[in-house]
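In my numbering, the protein residues as written are 349 to 502.
Presented below is the structure to which this report refers.
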């Protein structure tokens, strides 16, 4: 990431709970958007559980969390219920947000090259600036690193 924050264009998107996510005007000090490949897969389940388990600590740091994948709202609702997630999931079936954040990549999966979401996390401040990003995320320890970043900002 560059040394300076990067502005994000305002956007809205459908999310669980029958709600619409709107970037502009978010009341929290920070918004965490984490992109993951697919509901109900091992790594994505582990990542969502890690954000769930530290949710109260993110809230204490005045930070909202949202997971994003190309899955349908129906899939997201089931995944959210199954894992007891206290945050909403954003559905991006047409890849609008995936393209905005440049997370669509060619990846190797079971010996084949496929196009999919590169696991990535972005911290956006109240002014709509990306203040930190992680790309090509490995799940183990990642959520702790994100929490440490938001908790230690002046």
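Every residue, glycine too, gets a C-beta built ideally from N, C-alpha and C.
Just to confirm, does residue i get its C-beta within under 8 Å of one of the non-hydrogen atoms of the ligand PLP?
i: residue 354; result: This structure simply doesn't include the ligand PLP, nor any ligand for that matter.
Grouping DSSP H, G and I as helix and E and B as strand, with all else coil, what is residue i?
i: residue 421; result: helix
i: residue 349; result: Note that residue 349 scores 43 on pLDDT, short of 50, meaning its location in the model is unreliable and no value can be drawn from it.
i: residue 499; result: helix
i: residue 431; result: helix
i: residue 426; result: helix
i: residue 385; result: coil
i: residue 402; result: coil
i: residue 395; result: helix
i: residue 447; result: helix
What does residue i pair with, by DSSP beta-bridge criteria?
i: residue 370; result: 360
i: residue 379; result: 412, 472
i: residue 438; result: 363, 416
i: residue 355; result: 477
i: residue 453; result: 464
Measuring alpha carbon to alpha carbon, tell me which residue in the options is nearest residue i.
i: residue 432; options: 475, 402, 443, 360; result: 402
i: residue 472; options: 490, 410, 386, 395; result: 410
i: residue 358; options: 465, 448, 495; result: 448
i: residue 499; options: 408, 393, 364, 444; result: 408
i: residue 443; options: 435, 434, 465, 422; result: 465
i: residue 434; options: 486, 364, 480, 479; result: 364
For chain C, find out if any of its Cβ atoms is closer than 9 Å to the Cβ of residue i; answer yes or no.
i: residue 463; result: Here there is only one protein chain, and chain C is not present.
- Please go through the region 455 to 495 and give each complete beta strand (DSSP E) segment of 3 or more residues, from N-terminal end onward. Annotation note: the region 455 to 495 contains the following uninterrupted beta strand (DSSP E) runs of length 3 or greater, listed N- to C-terminal: 460 to 465, 468 to 473, 477 to 483.
- Message: Across the region 384 to 404 and the region 359 to 371, are there enough close Cβ pairs to call them in contact, namely three or more that are closer than 8 Å?
- Response: Counting C-beta pairs with one atom in each stretch, the region 384 to 404 and the region 359 to 371 have fewer than three that are closer than 8 Å, which means they do not touch.
- Message: I'd like to know if the region 455 to 464 and the region 425 to 440 are in contact, where contact means that at least 3 CB-CB pairs between them fall below 8 Å.
- Response: Short answer: they don't touch.
- Message: Can you confirm whether the region 376 to 387 touches the region 413 to 422 when touching is taken to mean that 3 or more C-beta pairs between the two stretches lie within less than 8 Å?
- Response: Touching, per the Cβ criterion.
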